[in-house]
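To start, the structure under review is shown below, and the notes come after it.
Protein chains in written order, with the numbering used here: chain A, 870 to 982; chain B, 4 to 118.
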């Protein structure tokens, strides 16, 4: 079974600053994918970034980057230059066979003006 | 382009009543389909997934069931709702699983309140 741990229930960041959201995972699968999603108050799940377990380079997508440390089983999300619209809940997930995903309990990010 | 629909958007049901939530995907064929439930302030819990018509795998034993009567239709049902069934239900899909991970595409969700 897979497990995702997001230890920060809530985070605050000043607008235009960078913020790191923590994620550690536990899986026995030799090959897996790591995902981050954003969920605004509307409830929709918005895909942000993906990292494959065999990818050597850390993934980046615009202002989002994934700090992947395989030996530590951690996949932290870094958001640079925070914007007010970044205020939302953020979920880390690990993808395994059959395309299934296991999600953490999320981190609520609040961006202060 | 592919789109995913869920209905209804919100639902208030009494305890003991039946449930039927529907999810349909357009613009793709033979997708893998998933039902997740999200309790308030929590992450998503996988309930069921399907790799093809009539093929359903249950991840969590409970009083819910799922069916896939057509290639792009996924239905979540219950004969008698419990208070604990309240939550936000999300349907998701990916192209047919080939061993390569890609993001799941989520529907807009159904908010269910059981009273």
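Note that beta-carbon positions come from the ideal geometry of N, C-alpha and C, so glycine has one too.
Any C-beta of chain B under 8 Å from that of residue i
{"i": "residue 880 of chain A", "result": "no"}
{"i": "residue 933 of chain A", "result": "no"}
{"i": "residue 972 of chain A", "result": "yes"}
Three-state secondary structure (DSSP) of residue i
{"i": "residue 879 of chain A", "result": "strand"}
{"i": "residue 974 of chain A", "result": "coil"}
{"i": "residue 46 of chain B", "result": "coil"}
{"i": "residue 95 of chain B", "result": "strand"}
{"i": "residue 950 of chain A", "result": "coil"}
{"i": "residue 57 of chain B", "result": "coil"}
{"i": "residue 967 of chain A", "result": "helix"}
{"i": "residue 980 of chain A", "result": "strand"}
{"i": "residue 38 of chain B", "result": "strand"}
{"i": "residue 895 of chain A", "result": "strand"}
{"i": "residue 69 of chain B", "result": "strand"}
{"i": "residue 28 of chain B", "result": "strand"}
{"i": "residue 16 of chain B", "result": "strand"}
{"i": "residue 926 of chain A", "result": "coil"}
{"i": "residue 934 of chain A", "result": "strand"}
{"i": "residue 888 of chain A", "result": "strand"}
{"i": "residue 23 of chain B", "result": "strand"}
{"i": "residue 33 of chain B", "result": "coil"}
{"i": "residue 107 of chain B", "result": "coil"}
{"i": "residue 911 of chain A", "result": "coil"}
{"i": "residue 944 of chain A", "result": "strand"}
Enclosing beta strand (DSSP E) for residue i [first to last residue]
{"i": "residue 85 of chain B", "result": "Looking at the DSSP string, residue 85 of chain B is not in any beta strand (DSSP E), and its letter there is neither H nor E."}
{"i": "residue 918 of chain A", "result": "915–921"}
{"i": "residue 957 of chain A", "result": "957–964"}
{"i": "residue 7 of chain B", "result": "6–10"}
{"i": "residue 905 of chain A", "result": "902–908"}
{"i": "residue 114 of chain B", "result": "113–117"}
{"i": "residue 872 of chain A", "result": "872–874"}
Test: residue i CB closer than 8 Å to a CB of chain A
{"i": "residue 58 of chain B", "result": "no"}
{"i": "residue 51 of chain B", "result": "no"}
{"i": "residue 167 of chain B", "result": "A question about residue 167 of chain B goes unanswered here, because the residues of chain B that appear run from 4 up to 118."}
{"i": "residue 91 of chain B", "result": "yes"}
{"i": "residue 3 of chain B", "result": "There is simply no residue 3 of chain B to check, as chain B begins at 4 and stops at 118 in what is shown."}
{"i": "residue 54 of chain B", "result": "yes"}
{"i": "residue 45 of chain B", "result": "yes"}
{"i": "residue 11 of chain B", "result": "no"}
{"i": "residue 112 of chain B", "result": "yes"}
{"i": "residue 7 of chain B", "result": "no"}
{"i": "residue 97 of chain B", "result": "yes"}
Residue i: CB within 7 Å of a non-hydrogen atom of the ligand GDP
{"i": "residue 957 of chain A", "result": "Absent from the structure shown: the ligand GDP. Ligands present: none."}
### Query
Of the residues that make up the segment 872–904 of chain A, which ones have a beta carbon closer than 9 Å to any beta carbon in chain B?
873, 875, 878, 900, 901, 902, 903 and 904
### Task
Could you run through the segment 953–969 of chain A and flag, in chain order, every residue whose CB is less than 7 Å away from some CB of chain B?
960, 964, 967, 968 and 969
### Query
Can you list, in chain order, the residues of the segment 908–931 of chain A whose Cβ is nearer than 7 Å to any Cβ on chain B?
912, 913, 914, 916, 919 and 921
### Message
Does the segment 959–970 of chain A come into contact with the segment 887–907 of chain A, if we say contact requires no fewer than three beta-carbon pairs (one atom in each stretch) closer than 8 Å?
### Response
yes
### At least three beta-carbon pairs within less than 8 Å, the segment 61–68 of chain B to the segment 6–16 of chain B
no
### Query
Three or more C-beta pairs closer than 8 Å, one from the segment 12–25 of chain B and one from the segment 73–85 of chain B: is that the case here?
yes
### At least 3 beta-carbon pairs within less than 8 Å: the segment 47–59 of chain B vs the segment 963–982 of chain A
yes
### Query
In the segment 23–45 of chain B, which residues sit with their C-beta less than 9 Å from some C-beta in chain A, listed in chain order?
35, 37, 39, 41, 44 and 45
### Task
Specify whether the segment 939–954 of chain A and the segment 871–886 of chain A touch according to this definition: at least 3 beta carbon pairs, one from each stretch, less than 8 Å apart.
The answer is yes - the segment 871–886 of chain A touches the segment 939–954 of chain A, with three or more Cβ pairs under 8 Å.
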